[in-house]
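*Asks:* Okay, here's the structure, questions in a sec.
Numbering (our numbering), first residue to last: 1 to 334.
And the structure:
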């Protein structure tokens, strides 16, 4: 199968493209290689993909409609895994226009190209941040998510609505994936694990928000990508049991689905830090700070629907995942 993976130089995109190549798919990677974080890290990921004969790379901007249209016309993918986006809750507070261009305009261009070229299945990245002010846990795809607390989350919720409209109007099969704090080797430098390891090894203090009263459903990258591939292989169909009298948020009378991809086991932040300290053999100097705007104290994924439909089960304990990241970090940064 010929797959298009957008954001192929990004963290999850790189692993997804590699997994598809390893199983024998032809993969087209698309990325703009922007400088939101270290471009050299993105290029290093990309260099591992370009060694495959079945991989082709195209550089471009999602917000440029002509570029996206040309991408589909030239490479003619059968299915699309759309992982490119402007990420980061805090960055969205200071640079909201970046999120409009990438996450809204860019996603519209992807939807239109999928419609025009008869794509079999569009899988797109949403986020656990869409749960916003919800406090009922575990977070379920059956729950209403109309109260985001960051602009980033609002754009991801918008993606889900836009995709549903295209599924309804044009019968384009779409599946949204709400990722829960994905971590591991080759991860993003703005994520907590990367930042903590870097600062602890440098003997610098780490910032701990909300006095450490956080818990996150940390999801190891291999588990997350396993979920992505399982979802991509399952083209959604209209839900015969869906009713407008009692609308189910996770499915539809259109070929549309939503899933959580998480570890289904939230980890207390202080335990997370303790695992890092044990792995590094160093104790962190801790700087306790208040809860930051846009942050939520707890994320916890209900993965029952994903497990039922695809057989997904996360496999990686937090201790093992952190150890693998530290091993990669020491090797990559010498």
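For every residue, glycine included, the Cβ atom is placed at its ideal position computed from N, Cα and C.
Only a predicted model underlies this, so the values are computations on that prediction, with no experimental measurement involved.
1) Span of the alpha helix (DSSP H) holding residue 274?
2) From 168, 126 and 133, pick the residue whose C-alpha is nearest to that of residue 181; which is it?
3) Quickly, what does DSSP pair residue 113 with across the bridge? List them, please.
4) For the structure I just gave you, are there three or more beta carbon pairs, one from the region 21–33 and one from the region 41–61, closer than 8 Å?
5) Does the contact criterion of 3 or more C-beta pairs under 8 Å hold for the region 70–79 versus the region 113–124?
6) Report the three-state DSSP secondary structure of residue 176 (helix, strand or coil).
7) Output needed for residue 160: all residues of its chain with C-beta closer than 6 Å, excluding positions within five of it in sequence on either side, in chain order.
8) Please tell me whether residue 99 and residue 152 are closer than 8 Å, where the distance is taken between their beta carbons.
9) Along the alpha helix (DSSP H) that carries residue 223, what are the first and last residues, could you check?
10) Tell me whether residue 149 sits in a helix, a strand or coil according to DSSP, three-state version.
11) In whole angstroms, give me the CA-to-CA distance for residue 7 and residue 42.
12) Touching or not, the region 302–315 and the region 217–234, by the rule of three or more beta carbon pairs under 8 Å?
13) Quick one: residues in its chain with C-beta nearer than 7 Å to the C-beta of residue 319, no 5 flanking neighbours on either side, listed in chain order?
14) Taking 8 Å as the cut-off, decide whether the C-beta atoms of residue 236 and residue 173 are in contact.
15) Just curious, the beta strand (DSSP E) that residue 361 is in, first and last residue?
16) Measure from the alpha carbon of residue 297 to the alpha carbon of each residue in 268, 70 and 12, then state which is nearest.
17) Pick out whichever of 295, 249, 73 and 273 has its Cα sitting closest to the Cα of residue 323.
18) Residue 82 bridges to which residues according to DSSP?
19) Just to confirm, are residue 222 and residue 316 a CB contact at a threshold of 8 Å?
20) Taking residue 71 and residue 60 to be in contact with their CB atoms under 8 Å, please state how far apart those CB atoms are, rounded to whole angstroms.
21) Determine the DSSP secondary structure at residue 193, reduced to helix, strand or coil.
22) Is the Cβ-Cβ distance between residue 212 and residue 270 less than 8 Å?
23) For residue 187, which residues in the same chain have their Cβ closer than 8 Å to its Cβ, ignoring the five residues on either side in sequence?
24) Is the beta carbon of residue 124 less than 8 Å from the beta carbon of residue 163?
25) Is DSSP giving residue 209 helix, strand or coil here?
26) Which residue wins for smallest C-alpha separation from residue 35, given the options 277, 91 and 66?
27) Leaving aside the five residues before and after residue 68 along the sequence, list all residues of the same chain whose C-beta is less than 6 Å from its C-beta, in chain order.
28) Kindly indicate which three-state DSSP category residue 63 falls into: helix, strand or coil?
29) Leaving out five residues on either side along the sequence, give the residues of the same chain with a beta carbon under 8 Å from the beta carbon of residue 199.
30) Quick check on DSSP: helix, strand or coil for residue 284?
31) In terms of DSSP beta bridges, what is residue 261 paired with?
32) Please identify the residue among 97, 255 and 128 whose C-alpha is closest to the C-alpha of residue 239.
*Replies:* With the structure as the only source:
1) The sequence position of residue 274 within the chain shown is 274, counting from 1. Element bounds for residue 274: 269–280.
2) Position 181 of the chain shown holds residue 181. Per the Cα distances, 126.
3) Within the chain shown, numbered from 1, the residue matching residue 113 stands at position 113. According to DSSP, residue 113 bridges with nothing at all.
4) yes
5) yes
6) Locating residue 176 in the chain shown gives position 176, where the first residue counts as 1. DSSP places residue 176 in strand when its eight states are reduced to three.
7) Residue mapping note: residue 160 aligns to position 160 of the chain shown, counting from 1. Taken in chain order, the residues that qualify are 126 and 176.
8) Mapped onto the chain shown, residue 99 falls at position 99. Mapped onto the chain shown, residue 152 falls at position 152. Going by C-beta atoms, residue 99 is nearer than 8 Å to residue 152.
9) Within the chain shown, the letter at position 223 stands for residue 223. Segment 221–232, the alpha helix (DSSP H) holding residue 223.
10) The residue given as residue 149 occupies position 149 in the chain shown. The answer is coil: DSSP assigns residue 149 none of H, G, I, E or B.
11) Numbered from its first residue, the chain shown carries residue 7 at position 7. Numbered from its first residue, the chain shown carries residue 42 at position 42. Whole-angstrom Cα-Cα distance: 10 Å.
12) yes
13) For this step, residue 319 is matched to residue 319 along the chain shown. Taken in chain order, the residues that qualify are 275.
14) Along the chain shown, one-based indexing puts residue 236 at 236. Along the chain shown, one-based indexing puts residue 173 at 173. Taking 8 Å as the Cβ cut-off, residue 236 and residue 173 qualify as a contacting pair.
15) Given a span of 1 to 334 for the chain in the structure shown, any question on residue 361 remains unanswerable.
16) If you number the chain shown from 1, residue 297 lands on position 297. Of 268, 70 and 12, the residue nearest in Cα terms is 268.
17) Walking along the chain shown from the start, residue 323 turns up at place 323. Of the candidates 295, 249, 73 and 273, the one whose C-alpha sits nearest the C-alpha of residue 323 is 273.
18) In the chain shown, residue 82 corresponds to position 82, counting from 1. Note: residue 82 sits in a beta bridge opposite 6 and 124.
19) Your numbering for residue 222 matches position 222 in the chain shown. Your numbering for residue 316 matches position 316 in the chain shown. Yes, these two residues count as a Cβ contact at 8 Å.
20) Here residue 71 refers to the residue found at position 71 when the chain shown is read from its first residue. Here residue 60 refers to the residue found at position 60 when the chain shown is read from its first residue. Right, their Cβ atoms sit about 7 Å apart.
21) Residue mapping note: residue 193 aligns to position 193 of the chain shown, counting from 1. It is helical.
22) As a first step, residue 212 must be located in the chain shown, where it is residue number 212. As a first step, residue 270 must be located in the chain shown, where it is residue number 270. Against a cut-off of 8 Å, the Cβ pair of residue 270 and residue 212 comes out as a contact.
23) If you number the chain shown from 1, residue 187 lands on position 187. Closer than 8 Å at the Cβ level, and outside the excluded window around residue 187, lie 11, 193, 194, 221 and 325.
24) As a working mapping, residue 124 is identified with position 124 in the chain shown. As a working mapping, residue 163 is identified with position 163 in the chain shown. Yes, the Cβ-Cβ distance between residue 124 and residue 163 is below 8 Å.
25) Counting from 1 along the chain shown, the entry for residue 209 is found at position 209. DSSP places residue 209 in strand when its eight states are reduced to three.
26) Along the chain shown, one-based indexing puts residue 35 at 35. Looking at the Cα atoms, 91 is the closest of the given residues.
27) Counting from 1 along the chain shown, the entry for residue 68 is found at position 68. The residues are 109 and 113.
28) Position 63 of the chain shown, counted from the first residue, corresponds to residue 63. Coil, per DSSP.
29) Along the chain shown, read from residue 1 onward, the residue named residue 199 stands at position 199. So the list reads 205, 206 and 284, once near-sequence residues are dropped.
30) In the chain shown, counting from the first residue as 1, residue 284 sits at position 284. Coil at residue 284, not helix or strand.
31) In the chain shown, residue 261 corresponds to position 261, counting from 1. Partner(s): 179.
32) Reading the chain shown from its first residue, position 239 is the one you call residue 239. Residue 239 has its Cα closest to that of 255, out of 97, 255 and 128.
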